[in-house]
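Residue numbers (my numbering): 39 to 206. We put the beta carbon where it would ideally sit given N, CA and C, even for glycine. Just so you know, these numbers come straight off a predicted model, no measurement behind them.
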């Protein structure tokens, strides 16, 4: 008489568990390796939203709006950098918070005084309000994921003519 058992043997189960463990280890290490680049990319998306919002608000209220990165170069509590949008009097309109360890990189950015200013037409201007003062030499913003040093960086540029935003 034939003994017909259903199921897996102990050896088959052990081999399956070991293989799942190896594949999981490889997948997790890849996720952790790519995390800094992903965080920097998310930071650039936040900066892009802040710039587009500032441009829109400036045109809507017919006055200058400043995107201020002064608080964005260090962690703020459980958040990373803080980007402030300010009206022409310097009052904060709104803020954008970057994720923890995601910060404005002043050393790799070319904007003057850590600010981008949009006039009532939505065009970027310099601190005096002159459109010609904001050009391709001062239009790059760098965001970095920093955890005991820079692990990943991304940049974004503001078009001097139109104020549109281009992610590099």
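{"Item": "Skipping 5 residues on each side, what residues in its chain have a beta carbon closer than 6 angstroms to that of residue 192?", "Value": "78, 79, 82, 181"}
{"Item": "Name the DSSP bridge partner or partners of residue 204?", "Value": "195"}
{"Item": "In whole angstroms, what separates the C-alpha of residue 93 from that of residue 110?", "Value": "19 angstroms"}
{"Item": "Beta-carbon within less than 6 angstroms of residue 188's beta-carbon, same chain only, minus the 5 sequence neighbours each way: which residues are those?", "Value": "182"}
{"Item": "What residue from 186, 200, 199 has the CA that sits closest to residue 74's CA?", "Value": "186"}
{"Item": "Determine the extent of the beta strand (DSSP E) in which residue 182 is found, giving its start and end residues.", "Value": "178 to 184"}
{"Item": "Apply the 10 Å Cβ neighbour rule to residue 89 and answer buried if 16 or more other Cβ atoms are within range, or exposed otherwise.", "Value": "buried"}
{"Item": "Output the distance between the C-alpha atoms of residue 165 and residue 174, rounded to the nearest integer angstrom.", "Value": "16 angstroms"}
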